[in-house]
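Beneath this line is the structure, given in structure tokens, with notes to follow.
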Amino acid sequence: MRKITAFFPVLLVAAFALGACNGTAAKQNEGEPVTALKPAKEKYAIDITRDFFLTKILDYTKGQENMKYLGDKPAIVDFWASWCGPCRIAGPILEELAKEYDGKIYVYKVNTQNEQQISAELGIQSIPTFIFFPMDGKPFATSGIAQTPEETKKMFKEIIEKELLKKK
Numbered sequence: 251m252r253k254i255t256a257f258f259p260v261l262l263v264a265a266f267a268l269g270a271c272n273g274t275a276a277k278q279n280e281g282e283p284v285t286a287l288k289p290a291k292e293k294y295a296i297d298i299t300r301d302f303f304l305t306k307i308l309d310y311t312k313g314q315e316n317m318k319y320l321g322d323k324p325a326i327v328d329f330w331a332s333w334c335g336p337c338r339i340a341g342p343i344l345e346e347l348a349k350e351y352d353g354k355i356y357v358y359k360v361n362t363q364n365e366q367q368i369s370a371e372l373g374i375q376s377i378p379t380f381i382f383f384p385m386d387g388k389p390f391a392t393s394g395i396a397q398t399p400e401e402t403k404k405m406f407k408e409i410i411e412k413e414l415l416k417k418k
């Protein structure tokens with residue numbers, strides 16, 4: 251009897267779960283032709299690897315005297331990880347800014363979980379870390395975000411306008 255009473259709650263949960271999936275999704279398209287899947291959302295921020303960084307952004311393996319930004323537009327490189335809460339806030343903001351400033355700046359993203367070597371070589375010790383590459387002048391870095399998403403976006407826009415695009 252004890253086995254039956256222990257099994258009954260499991261059976262009840264299973265019946266409820268199956269009842270919740272009563273086939274309404276299938277009925278919605280009944281009689282309609284199946285259309286193609288929606289295209290993936292276009293991305294403006296670019297996920298990069300160490301090799302891409304070395305060939306298109308900065309080859310730091312050639313020594314300090316030869317370090318020069320290799321890009322043709324100013325850039326932001328975001329070092330992030332999927333488990334990082336502030337990174338998950340900054341990511342969509344940077345994507346939005348990459349779209350807004352499309353053609354004027356590049357926004358690159360380095361997943362520190364996948365690209366541990368470059369993170370170690372550049373001394374990335376906390377995330378999110380952002381390295382800014384103006385066309386003139388030295389690259390500079392910041393880490394962390396502001397207290398709110400709105401303040402974070404404002405912070406990035408100020409750096410883009412005043413430092414990367416040199417607007418006063």
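Numbering-wise (this note's numbering), the sequence shown opens with residue 251 and increments by one.
C-beta atoms are modelled at their ideal positions from N, C-alpha and C, and glycine is treated no differently.
All of these numbers come straight from a predicted model, not from anything done at the bench.
Original post:
Taking the alpha carbon of residue 417 as the point to measure from, which residue in 360, 354, 362 has its own alpha carbon closest?
Top reply: 354
Original post:
Roughly how many angstroms separate the alpha carbons of residue 342 and residue 319, rounded to a whole number?
Top reply: For residue 342 and residue 319, the gap between their C-alpha atoms comes out near 25 Å.
Original post:
Skipping 5 residues on each side, what residues in its chain have a beta carbon closer than 8 Å to that of residue 407?
Top reply: If we look at residue 407 and ignore the five residues flanking it on each side, its Cβ neighbours are 347.
Subject >> Which of helix, strand or coil DSSP assigns to residue 398 >> reply: Here DSSP, grouped into helix, strand and coil, assigns residue 398 to coil.
Original post:
Given that a residue counts as buried once 16 or more other Cβ atoms are within 10 Å of its Cβ, and exposed if not, what is residue 301?
Top reply: The residue is exposed, with fewer than 16 neighbouring Cβ atoms inside 10 Å.
**OP:** Compute the Euclidean distance between the alpha carbons of residue 298 and residue 358, then round it to the nearest angstrom.
**Re:** 6 Å
Original post:
Considering only C-alpha positions, which residue in the set 412, 337, 376, 312 is nearest to residue 399?
Top reply: 337
**OP:** Measuring alpha carbon to alpha carbon, tell me which of 366, 352, 378 ends up nearest residue 296.
**Re:** 352
**OP:** Taking residue 323 as the reference, give the member of 316, 344, 307 with the closest Cα.
**Re:** 307
Subject >> Helix, strand or coil at residue 310 [DSSP, three-state] >> reply: Reduced to three states, the DSSP call for residue 310 is helix.
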